[in-house]
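Notes follow the structure.
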Amino acid sequence: MLLGALAAGVLIGPASLDSGRVLLELLDRLPLIDVDSGLDARGAAIVWELRLPRAVLGALVGATLSVAGGAYQGVFRNPLADPYLLGVAAGAGLGATVVIVTIGSGSAVVPIAAFAGAIAAVALAYTLGSAAGGRRSGATLILAGVAVAAFLTAAQTFVQQHNADSIREVYSWILGRLGTAGWSEVALMTPYAAVSVVVIVFHRRLLDVLAVGEEEARSLGVRPERVRAAVVVAATLGTAGAVAVSGLIGFVGIVVPHTVRLLVGTSYRWILPLSVVGGAAFLVLADLVARSALGPAEIPIGVVTAFIGGPFFLVVLRTSREAIS
Amino acid sequence: MSRVGAVGVSVRYNGRTAVESVDLSVAAGEWVALIGPNGAGKTSLLRALAGTVEYDGSITIDGVAARSLPRRRAARLVALVPQQPVLPEGMTVFDYVLLGRTPHLGYLAAESHADIVIARESMDRLDASDLGARRLGELSGGERQRVVLARALAQQSSVLLLDEPTAALDVGHGQQVLDLVDELRRERGMSVVAAVHDLTLAAQYADRLALMDGGRIVTEGAPGAVLTEDAIGRFSGARVSVIRGPGGEVVVVPRR
């Protein structure tokens, strides 16, 4: 499925290139294979410098956001947890905006600032959520997250408007985009995606242990606070990287893990690895829709994911009423 | 040497004292039942023995201070079955039982074939093998209790702590569960500490009863010596008759 999505992402685009030739062009770059694709230099550049990095970045961001969503759901034992609803992405957005207006958008400091903002946001949402409703109530965590997100988004907008000279730069980024993706974004995102995905997937069994609650996890020899800290930091790091390169793309962390859940059940052993693959495929396809639905104009990809994710969220809300009340 | 030794154990939650300087010693293979009214501190004492709450005083497992044991080691020695275990609805029975192997695994390790075999054996032992693929949300009360016990069994601990194992069950299923626990402790020499509210059942299964009230153990000893009409009336506020059954066993009957 992922391979299919990636192939579609590379094969379909505004410049009509012959599919067979694009595939041959890709094959040609593989070691030991030497074929002539018949694409001219412009065609090859479109494949190599535009479509492929965009598809790869989409896959990295999608995989990271969906596995992070699954991780937050496991750690907070809350089916509605998601990098966006918890305010993590908004925190990352604020951190990134501050750096973009002061240093510029190409800086490697952007993801670091995004991470600082994201960690602060998740800590704030969790503290407010548990103070207001106790750890048992899932709804208050999400409400706290939404409040934190609203506040941080307002702060982000303020910073953005305050610095009129870089407003366009910030604005096009914040809506969520993969459009300007090149190999440098891929290089920036890869370490964040790799660390985040690897750490989270390695904790899949322990997230199943957390599912039986604090006390029983402890009686099984696990320190829940340690697992939670490791997984939250990893998920937040991945989210920060994703936000730094692609802006705010919502709902991936809800849509993908829940779809996987419907297919394979509630064990994180399966949910997390499959969310990595499914998330990558989902975002590449969403990007395909974003750039071809109104072609040649592009819809911000965050709009596409929200179109799918909004209704999906309501379905999850309906089916998990007992779990969050 | 006792398997479990508690000396001067107190448990406090935000200043409220739930357990007050309790001394308790449980031998290998012994079954001790904690009895007493609601709020007497039975659950908190079990939690302290399981190491899931902070406590003052000292608890030793096989002579080693429990507090100095790494969390995972402690969980290999002591298994806890809480009164209302959290059963994630969508999880399969087999995955749930397999969680019992957690203390035997490295932090990020996956289960080995041996762990899977042990989990299957635990399910066989509790006649739960055919439940493996079912989801926890679909189980009846009796099935749930068997599955939770299977998880505790997969933990292969030498001490089993049970909090009201029969509370959610009818008499027949309650007896089945207690019979199973009794067989297991004989087979494996496990020590059992169980909070039991049904006094007759407690007397029938336990070697020794510890009557708790107000966070303290007020009397302790053989069932016949602890279960007197006077003691039960005084501590539980219950009007009961203590009579002897056909086999000479203690039977506690409520009176109007």
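Residue numbers (this note's numbering), protein chains in the order written: chain A, 27 to 351; chain B, 1053 to 1308. Ideal placement from N, C-alpha and C gives every residue a C-beta, glycine not left out.
A residue is called buried when at least 16 other Cβ atoms come within 10 angstroms of its Cβ; L340/A does not meet this threshold and is exposed. Taking 7 Å as the cut-off, the Cβ atoms of M1175/B and V1138/B do not count as close.
Counting C-beta pairs with one atom in each stretch, the region 304-319 of chain A and the region 63-76 of chain A have fewer than three that are closer than 8 Å, which means they do not touch. Of the residues G117/A, A219/A, P109/A, the one whose Cα lies closest to the Cα of T90/A is A219/A.
Inter-segment contact for the region 212-227 of chain A and the region 1072-1085 of chain B is absent: fewer than three beta-carbon pairs are separated by less than 8 Å.
Using beta-carbon distances, R1296/B does not count as an interface residue toward chain A, since no partner is under 7 Å. Contact annotation: L1279/B and L1253/B have beta-carbon atoms that are not nearer than 7 Å. Sequence-distant Cβ neighbours of D1108/B in its own chain, meaning closer than 6 Å and more than five residues away, are S1062. Ranking G1088/B, G1267/B, R1177/B by CA distance to the CA of S1288/B puts G1088/B first.
G279/A and R1203/B have their alpha carbons spaced roughly 31 Å apart. The region 155-220 of chain A contains, as complete alpha helix (DSSP H) runs of 4+ residues, the segments 164-188, 193-200 (chain order).
By DSSP's assignment, W1083/B forms a beta bridge with V1244/B. In the DSSP assignment, A107/A falls outside any beta strand (DSSP E) and carries neither an H nor an E. In this structure, L274/A places its C-beta atom within 7 Å of the C-beta atom of G119/A.
Along the region 1157-1179 of chain B, going in chain order, the ones with a CB nearer than 9 Å to a CB of chain A are L1157, Y1159, L1160, A1161, A1162, E1163.
By the Cβ test, the region 1154-1168 of chain B is not in contact with the region 1259-1273 of chain B, since fewer than three Cβ pairs between them sit closer than 8 Å. Straight across, the Cα-Cα distance linking S1077/B with A1131/B is about 17 Å. Judged by DSSP in its simplified three-state form, L29/A adopts helix.
Scanning I1284/B, P1217/B, V1245/B, M1143/B for the CA closest to the CA of G1057/B turns up V1245/B. The Cβ-Cβ distance between L232/A and V253/A falls below 7 Å. Between V227/A and L298/A, the CB-CB gap stays under 7 Å.
In the three-state DSSP reduction, Y1065/B falls in the strand class (E or B).
Separation of W209/A and A134/A (C-alpha to C-alpha, rounded to the nearest whole angstrom) is 14 Å. By the Cβ rule, the region 330-339 of chain A counts as touching the region 275-295 of chain A, because three or more pairs are nearer than 8 Å. In chain order, V1138, P1140, M1143 make up the part of chain B whose C-beta sits under 8 Å from the C-beta of A237/A. In this structure the region 314-329 of chain A does not lie against the region 1210-1217 of chain B, because fewer than three pairs of beta carbons, one per stretch, are closer than 8 Å. Look at P1155/B: its C-beta is under 7 Å from a C-beta on chain A.
Along the region 1078-1164 of chain B, the alpha helix (DSSP H) occurs as fully enclosed runs of 4 or more residues at 1094-1102, 1123-1129, 1145-1150, listed in sequence order. When rounded, the separation of the alpha-carbon atoms in D1075/B and L1101/B is 12 Å.
Assigned with DSSP and collapsed to three states, G1226/B falls in helix. About 4 Å separates the CB atoms of A175/A and A116/A; that is less than 8 Å, so the two are in contact. Secondary structure within the region 277-301 of chain A: the alpha helix (DSSP H) runs of 4 or more consecutive residues, fully enclosed, are 278-290 (chain order).
For I1295/B, the enclosing beta strand (DSSP E) stretches over residues 1292-1296. Residue environment for G88/A: buried (at least 16 other C-beta atoms within 10 angstroms of its C-beta). Inclusion of A312/A and T331/A in the CB contact set at 7 Å is warranted, their separation being smaller than that value.
Within its own chain, the residues whose Cβ lies closer than 8 Å to the Cβ of G1276/B, once the five positions on either side in sequence are excluded, are A1255, V1302, listed in chain order.
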